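Taking the working numbering, the leading residue of the sequence shown gets 264, the next gets one more, and so forth.
Yeah, the Cβ is synthetic: ideal placement off N, Cα and C, and Gly gets one too.
Keep in mind it's a predicted model, so treat the numbers as computed, not measured.
Below is one structure, written out as structure tokens; the observations come after it.
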Amino acid sequence: MGLDALIFQTHSVSRYSLAALLGAIESDSRLSDLIIEAPFRPSMNLIERYARRGEVLVAHSVMSTQTKRVYNNVKKIRDQFSEVKIVGGGPHASIRPGELIDAGFDYVVIGEGERKFTELLHYLMHDKDPSELGGIITTKQEEYPKPKEFEIVNLDDYAPFALERNILGPIEVTRGCPFSCRFCSTPFLTGSIVRHRSVDCIVKWLKRAVQQSGFDRAWFLSPNALSYGGRGRKAELTKLENLLQQATSIQGLDEIYFGSFPSEVRPEFVNRQALTMLRQHVANQTLQIGIQSGSDRILQEVNRHHSVEEGISAAIIALDCGFKPNIDMIFGFPSETPKDQKLTIDLCYELIEMGASVHAHIFMPLPGSFYENETLGILTDDTRRHLGTLARKGMVTGSWGNQEKIAMDLAARSRKDIAKG
Ligand code: SF4
Numbered sequence: 264m265g266l267d268a269l270i271f272q273t274h275s276v277s278r279y280s281l282a283a284l285l286g287a288i289e290s291d292s293r294l295s296d297l298i299i300e301a302p303f304r305p306s307m308n309l310i311e312r313y314a315r316r317g318e319v320l321v322a323h324s325v326m327s328t329q330t331k332r333v334y335n336n337v338k339k340i341r342d343q344f345s346e347v348k349i350v351g352g353g354p355h356a357s358i359r360p361g362e363l364i365d366a367g368f369d370y371v372v373i374g375e376g377e378r379k380f381t382e383l384l385h386y387l388m389h390d391k392d393p394s395e396l397g398g399i400i401t402t403k404q405e406e407y408p409k410p411k412e413f414e415i416v417n418l419d420d421y422a423p424f425a426l427e428r429n430i431l432g433p434i435e436v437t438r439g440c441p442f443s444c445r446f447c448s449t450p451f452l453t454g455s456i457v458r459h460r461s462v463d464c465i466v467k468w469l470k471r472a473v474q475q476s477g478f479d480r481a482w483f484l485s486p487n488a489l490s491y492g493g494r495g496r497k498a499e500l501t502k503l504e505n506l507l508q509q510a511t512s513i514q515g516l517d518e519i520y521f522g523s524f525p526s527e528v529r530p531e532f533v534n535r536q537a538l539t540m541l542r543q544h545v546a547n548q549t550l551q552i553g554i555q556s557g558s559d560r561i562l563q564e565v566n567r568h569h570s571v572e573e574g575i576s577a578a579i580i581a582l583d584c585g586f587k588p589n590i591d592m593i594f595g596f597p598s599e600t601p602k603d604q605k606l607t608i609d610l611c612y613e614l615i616e617m618g619a620s621v622h623a624h625i626f627m628p629l630p631g632s633f634y635e636n637e638t639l640g641i642l643t644d645d646t647r648r649h650l651g652t653l654a655r656k657g658m659v660t661g662s663w664g665n666q667e668k669i670a671m672d673l674a675a676r677s678r679k680d681i682a683k684g
């Protein structure tokens, strides 16, 4: 006996990681006999159907903002099927593995899933004990390993999406970030070493996607689009240009999107040369730029390594080069005063006046970030009023109301964790 079927509990927020994980599974010939289901919505009927026939593993990708939904689903599965095993991976699993074990998970994958998750599946198919695998947690422990303690994966070794199952997503071209913005959990999760998928690998998968799935447009994913090819601290434009030239010359592929959601650019990487080149190759009309605050004091405190002036200049250059800048702003940072918040609102008006749009967020104490034990961000009445007015005019987007609820939940849980010691 061994594992027969793997059922992903899919949700729209984890669709990119699902495509990448399934891609890694398809890249591993040892797993070709495993039955894999990834229904559009979590399905108890499907679990029941396979549980009658053999051993089933249910997989969840867990984000810190989604734990309530995921833990409810795990409880339902636990209550209904005693034999079914449950595995959790993704950001929250790497940061709070003990919490997942408490919630009823049997296995928790820490760090990058491509190698560890496929290895876990291989072990379970052959009835081997996965606790001997590094980075797979099976019981409550005093201490847990951190993602950075494991060897990093080579992105070229794995398919970026699941072509056989036609579950496609953006191609992750860069992973890792050398910056340490205090509100962000990316450095904890993917490390500070920046890695890129090679141009040859990206072109190979794009050509296959065009031929097999009729792909005619593609999105690239990166924490900083203009850092492609380098070590992450400065642009390597010839490498980026080579990627874009080769990708856009693939026959049948009409459009490449890079620098807009789901990727973004850091303001100090923006210059005319970079954006003139980018404009020649990409189809996106917008450029996602993270400025985050209108207060230089706050930018310094959150460790952003750029100034407000560099942010404004990036927006001006973007407009000059034919992009509509969409600016990420965060309100309610720890130690942010009403005066700082007013500076951010003033900057929003200035940018909107220039022709940019703003994507507003409220500060959330994300697990794994430097600020994980801080309290949730507070919006002043004035800020709330201005954001509401700008949102009604379609100049600001974002769901800060919902983020406030999530932030409250995260902050409450952080306090509970601290209390537990
Ligand atoms: S916000 Fe962006 S630049 Fe800053 S640490 Fe996170 S990924 Fe890196």
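For residue i, which of the options has the nearest alpha-carbon?
i	options	result
residue 607	637, 310 and 642	642
residue 485	509, 348, 459 and 391	459
residue 605	648, 489 and 432	648
residue 531	430, 473, 277 and 487	487
residue 385	433, 629, 651 and 291	291
residue 406	360, 367 and 534	360
residue 693	505, 578, 556 and 529	Because residue 693 is not part of the residues shown, which for the chain are 264 to 684, the question remains open.
residue 551	539, 588 and 516	588
residue 412	453, 348 and 390	453
residue 351	329, 343 and 342	329
residue 297	275, 392, 326 and 383	383
residue 425	302, 630 and 289	289
residue 445	343, 577, 362 and 593	593
residue 615	652, 603, 631 and 443	652
residue 620	626, 303 and 612	612
residue 535	332, 559, 348 and 498	498
residue 559	575, 549 and 547	575
residue 440	392, 397 and 529	529
residue 332	344, 348, 455 and 275	275
Taking only three categories from DSSP, how would you classify residue i?
i	result
residue 264	coil
residue 684	With a pLDDT of only 31 at residue 684, under the threshold of 50, the placement of this residue in the model should not be trusted; the figure read from the coordinates follows. Residue 684 falls in the coil class under three-state DSSP.
residue 555	strand
residue 588	strand
residue 523	coil
residue 594	strand
residue 438	strand
residue 406	coil
residue 624	strand
residue 600	coil
residue 649	helix
Does the beta carbon of residue i fall short of 6 angstroms from some heavy atom of the ligand NAP?
i	result
residue 354	Among the ligands modelled here, namely the ligand SF4, the ligand NAP does not occur.
Measuring straight from C-alpha to C-alpha, what distance separates residue i and residue j?
i	j	result
residue 306	residue 673	27 angstroms
residue 265	residue 364	22 angstroms
residue 338	residue 523	37 angstroms
residue 584	residue 662	29 angstroms
residue 468	residue 598	46 angstroms
residue 403	residue 633	24 angstroms
residue 284	residue 428	12 angstroms
residue 335	residue 521	36 angstroms
residue 586	residue 511	19 angstroms
residue 267	residue 388	7 angstroms
residue 354	residue 380	14 angstroms
residue 581	residue 561	24 angstroms
residue 685	residue 447	As displayed, the chain neither begins before 264 nor continues past 684, which places residue 685 out of reach and without an answer.
residue 492	residue 645	43 angstroms
residue 394	residue 465	34 angstroms
residue 573	residue 416	34 angstroms
residue 508	residue 481	14 angstroms
residue 478	residue 471	9 angstroms
residue 278	residue 432	8 angstroms
Is any heavy atom in the ligand SF4 found nearer than 6 angstroms to the beta carbon of residue i?
i	result
residue 449	yes
residue 596	no
residue 464	no
residue 483	no
residue 630	no
residue 442	yes
residue 486	yes
Beta strand (DSSP E) runs wholly inside the region 441–514, at least 3 long, in chain order: DSSP runs (the beta strand (DSSP E)) wholly in the region 441–514: 480–484.
Runs of beta strand (DSSP E) lying entirely within the region 326–387, each at least 3 residues, in chain order: 348–352 and 370–372
Complete runs of the alpha helix (DSSP H) confined to the region 272–297 [at least 4 residues]: 278–289
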